[in-house]
Structures are given as structure tokens and as C-alpha cells.
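Notes to accompany the following structure.
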């Protein structure tokens, strides 16, 4: 009896696989069933087939699954982590990967690495990582059994044959619902039409890929990795009846073909029962009732993805994942706004090209850049911001905390010149015309400090050496900080400041008046804290500092009582250049400093922004 894992049990391939298991139940025991979000169907499947463990990737559905299965002695794993964990389990005979899209690649890799045989329906596994997976197969001894009807057909045709005798492989495709449709009318195609496949009942993603014949492009690349065939030895013919699932031509020009009704249960069963063809209840092929089988060449004007796949495969490397090899000339990816789970990967040679590509879409709600270089982040953001409502900058310091590309923070100024809704989405053009251009930037405070040339709280604070008051305007750097000594606030300080200032407010002077207030004892004046902070961070000697220009903002955030120690982090926040008023004027600029006064517990007690005028070193 084979121990079986089914990834994507609630999808089209998974449901068909369980139909096979149901038909051959004495041959299989199921260890894992997984689903993304269809908790209802997963629960039904689990109760019927009694796997040891189920995995629900969508964490919001976890409690539903756990509560429904708590009386059935079935373990429940949650999230992407659970999916990968079950893929790694070597205590199974075969793993069927029925996942859709790129999500299936890592589970395939992990299963192969663990030495588990994989019944593979997920094309993207080999398209994205064929070289890596093949390399792991050589080490682990894992075997891949193709589940796609086309590759299953090739596999069956090659059984007992030598690859040295093979001349070419012929992939067949139905041509989908638009085979006879004029290419000029393609712009009017609706999703409903694209999902109406004439022969096959498949999931939405695969059906759409079939309608565009993108699936054939992916199958070309998959064939290369499965059977070690060069691109020039892989042909495609359109076969509308979908009866011949693919063919192999040998060097003597004889051809073997695998035929059958278009039913995914047949290749799934063969992958699970290989090398045996076990009796089943599936429909038999009646050739006489079909009458004729026809073939034609694919129209590459209608289905350009086929040529792109060949080009990508010939180029090699990571190119199979980069189907638009020249995004500056092939501009549909910029012009057509695609909704749904669609990603187009575009190659670029340098940062200038990346910026240009980011601008070519002429409007996006959000853009992301991943880089560890804050200088690159700044250049990209400054130049690309005008075309995006929000830019997310990711690096190692903030990636784990990120809410994701499409997740605006509460109350975040958001929106941009997105083309959805005629350019009016989230304020869109209206917002730009009304408020002028605004672009929200998300990222680590250090990175945002670099991008905006304004220090952001929480960013890196490099110790200033020498003291900032010893430096000219040009020499000061955003984020450099003076860390001061501590000062112990005493009752005498409070009383002396009250006498000097005349501020004898009861909270400073009368301990008996504090009942019903937030204070537990006489509290230091806020302006004493501000004044004493200046005494801590000021370097008194004559230097480039010309004068104190004022205070932008000041907040007293925590009471300071006698006996508490305070210290200051004095940070360059922003530099504002000033023009000379006359030839005799001093060349200078205004520097904003963040004054962060904190206590023994490293909690801020006062936060202020002060302005100081600095002389420039260059007086020209």
C-alpha cells in the first residue's frame, strides 16, 4: 500500500486524484491532504479519507478546520509553514503536487530533496527551478512522474525506449476556445469566454493559460527538463479533438502516440500506479464515434507566448521566468492593466532602466523595491515616485515586519495616478490636481531618512565625531547624533527655575495640591527640561554655529521627578540651504535637530525640534 500526500486537494487535480484513490482505495493510504482556503471541502475530504494530517494554508480558516476535525484523530497544520513541512516528510511513497502557479515550486523542491517521488501537475516547478530540481534528483534518487496529460503521454510513449533513438517530441494542444477567432477581436474577449474550454474541465488558472496557449509555452520548458530534449527537438501541433495527448518521433521516423478521452483522472492514475495500468471505471475511447482527428500548426500571431517560451528556453538561466525579454519594445505589459494573480517579470541592466520601466506604466497605486543599499533606494524612489501613490522599500531590517506590497497603513496618505476607474481610483487624478502630488513611502526608518533627507525616529543614529557644533553646514550628515552625559534633576533645580522664570504653578511647588492629578510628586518644569537639555548638548566654544533660530515643535511626554536622571540624543534631522542675500552675506544654512530627552528607563520625557544656523565652509 502506497502512502500518499496530496497538495491542493480541493483544486481540480486534487479532486480528480481523490476520485482515483476512491476507485482504488485498497492501494493507497493518505498521510496528508492540503488546501489553501477551501476549508469546507477539505473537511469533507478529511472525514471521508481519514488522512493523518491536513494542512490549511489560510490561517483565518484554521479554527474552523480544527473544530470540525477534533473528534476524528486528524492533526491540523496551518499556514505555508505547514505546507512545506508536509512536503519535506520522507515517510510517504509519493507526493502529488496539484498546486497552482509559483506556490507549487518550493514544495516540489523540498519533496525531491527528501527523496520522495513526486507526481507533478505543477508546471511552474520545472519552469522556475528545473535545473535545481534535477540536480536534487541526482542526489536524492527522487523520481518525477508527470501528471499533465501531454507529459504523461510522452512518458508512456518512451517506456521501454532509448532516448538515443528519439528524434523529436510532439506536444499537442487543443488551441483552446480562440483557435478560430480573429486576432483583431482578441481585445474584446471576456473572462467568461476564456474560461470556456471546449474539451477540458480544469481550474481557472490552467484554463486561462490554455486559452492563451501560455500552457503550451510552459510545457515546452517542462518537456526540456523532464526528458532532456533540446528546444529544436520539441514541436507543437494543434489538435482540436484532444484525443492524442502527445507523440514521440524516433530516428527511423516512426511515431508513437498516446490516445485517450480528455479526462485528467487517467494520467493521474498512471502516475500513482506506475508502472502498472490498473483497471478503472473511466470512460473508454470510441474512435469510430469521433470519426476524424485533425492537426494544424499553431498561429504564433494569436499565441505569441509559444515563441517567447522557445526564446526563453534557448537563452537559458533565469530567462524562462522572464517571458518579456525586451520590455522597452514589447510594451503590452505597461499598457494593459491586468487584474488577478498575474505577475510579469521584466529584466533590466541598471538602475536607470529599472526607474524607466517603473515609470512606463504611467500610474500605479503602489510600487515595491527590495534593496539593502539606501543610496539606490533614494535614487529609485525620488525618480519613480511621481508615477506611484505609494512606494514600499524593503530590506533585511524591515522585511519581517512588512505588511506587504498591497497593505497601506491606517490613515496613510494613499493613492496615485492609477488607471483603474479612468484614473480616478483612490483620488487618482482628482487627488493630484487638488492636493498636488503626494507619494507615501514605507520602509525602515533608516532607509526613509536617506530617501527624504530627513531623520525618521527609529533610524540609525551614528555618533557625531567631532561634536556637531564643531562642523560646518556641508559636513553635517542626516542621522549623526550627539549622545550626552546624564543630569540628575533635584528639588533645588525645580525651585531655582521657578524663582528665575516666575513659573510657580502648583504642580511644581505644592505637593499638597497633587490629589486628583496625574502627578505623584512635585514635577520638573517642562521648560526646565528643555533648558537643561540645551546645557547637555551645547558645545560652548566658538565654531561654525551662528545662532539659535528657534523651536519648531516641543512635546513633554513623561513627568520628570526629583532624583530622576535625564540625558539627550541630539540628532541632525534636516538641513535647509539658504541663499546669500548679498555678496557680503555669510554663506549659511539652517539645521533642524531632533532633541530626544530620555530617562533612566530609556523612555522619552521630552521631544523637540530646534533650528540652528550654521556657517558654510565654502563662502564663495
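Numbering (the numbering used here), first residue to last: 85 to 704. Glycine included, each C-beta is placed from N, C-alpha and C at the ideal position. Small disclaimer: the values here were computed from a predicted structure and weren't measured.
With DSSP as the reference, label residue 266 as helix, strand or coil.
coil
Mind checking whether residue 670 and residue 699 have CB atoms under 8 Å apart?
yes
Restricting to Cα atoms, I'd like to know which of 277, 97, 531, 308 is closest to residue 65.
Lying before the first or after the last residue shown, residue 65 is absent from the chain, which here runs from 85 to 704.
Minimum length 4: unbroken alpha helix (DSSP H) runs contained in the region 125–195:
146–153, 163–172
Of the listed residues 288, 290, 238, 682, nearest to residue 653 (C-alpha basis):
682
In its own chain, which residues sit with a C-beta less than 6 Å from the C-beta of residue 339, not counting the 5 before and 5 after it?
331, 333
Local Cβ density within 10 Å of residue 121, reported as buried at 16 or more and exposed below that:
exposed
Helix, strand or coil at residue 355 according to DSSP, with G and I counted as helix:
helix
Residue 664 versus residue 672: straight-line alpha-carbon distance, rounded:
8 Å
Complete runs of the alpha helix (DSSP H) confined to the region 424–472 [at least 4 residues]
435–444, 458–468
Skipping 5 residues on each side, what residues in its chain have a beta carbon closer than 7 Å to that of residue 438?
432, 464
Secondary structure of residue 377, DSSP reduced to three states
coil
Residue 342 - DSSP class collapsed to helix/strand/coil
strand
Is residue 633 helix, strand or coil when you go by DSSP?
strand
Can you give the Cα-Cα distance for residue 187 and residue 378, rounded to whole angstroms?
36 Å
Kindly indicate if chain C contains any beta-carbon less than 8 Å away from that of residue 363.
Here there is only one protein chain, and chain C is not present.
Can the beta-carbon of residue 213 be found closer than 8 Å to that of residue 229?
no
Could you tell me the alpha carbon to alpha carbon distance between residue 703 and residue 571, rounded to whole angstroms?
38 Å
Residues of its chain near residue 506, where Cβ-Cβ distance is below 7 Å and the 5 sequence neighbours each way are ignored:
Any reading at residue 506 is ruled out, since the residue's pLDDT is 44, under 50, leaving its predicted position unreliable.
Using only the alpha-carbon positions, how far apart do residue 353 and residue 344 sit?
13 Å
Take residue 392 as the anchor and find which of 375, 224, 410 has the nearest alpha-carbon.
410
Among 531, 304, 237, whose alpha-carbon lies nearest the alpha-carbon of residue 210?
304
Cβ neighbour criterion (16 or more within 10 Å) applied to residue 206
buried
Per DSSP, the bridge partner or partners of residue 201:
178
Return the residue from the list 239, 396, 631, 223 that minimises the CA-CA distance to residue 429.
396
In this structure, does DSSP put residue 212 in helix, strand or coil?
helix
For the alpha helix (DSSP H) holding residue 581, just list the boundary residues, first then last.
575–585
Rounded to a whole number of angstroms, what is the C-alpha to C-alpha distance between residue 314 and residue 189?
23 Å
Name the DSSP bridge partner or partners of residue 230?
204
Whole-Å CB distance - residue 177 paired with residue 255, under 8 Å assumed
No, residue 177 and residue 255 are not in contact; Cβ-Cβ is about 29 Å, not under 8 Å.
For residue 695, which residues from the same chain have a beta carbon less than 6 Å from its beta carbon, with the 5 sequence-adjacent residues on both sides left out?
633, 634, 674, 676
Using 8 Å for Cβ pairs, my map puts residue 181 next to residue 91. What's the rounded Cβ distance?
5 Å
Per DSSP, residue 649 is paired with what?
572
With a 10 Å radius around its C-beta and 16 neighbouring C-beta atoms as the bar for buried, classify residue 236 as buried or exposed.
buried
Would you decide whether residue 191 is buried or exposed? Buried here means 16 or more other CB atoms lie within 10 Å of its CB.
buried
Distance between residue 555 and residue 630 (C-alpha atoms, nearest Å):
12 Å
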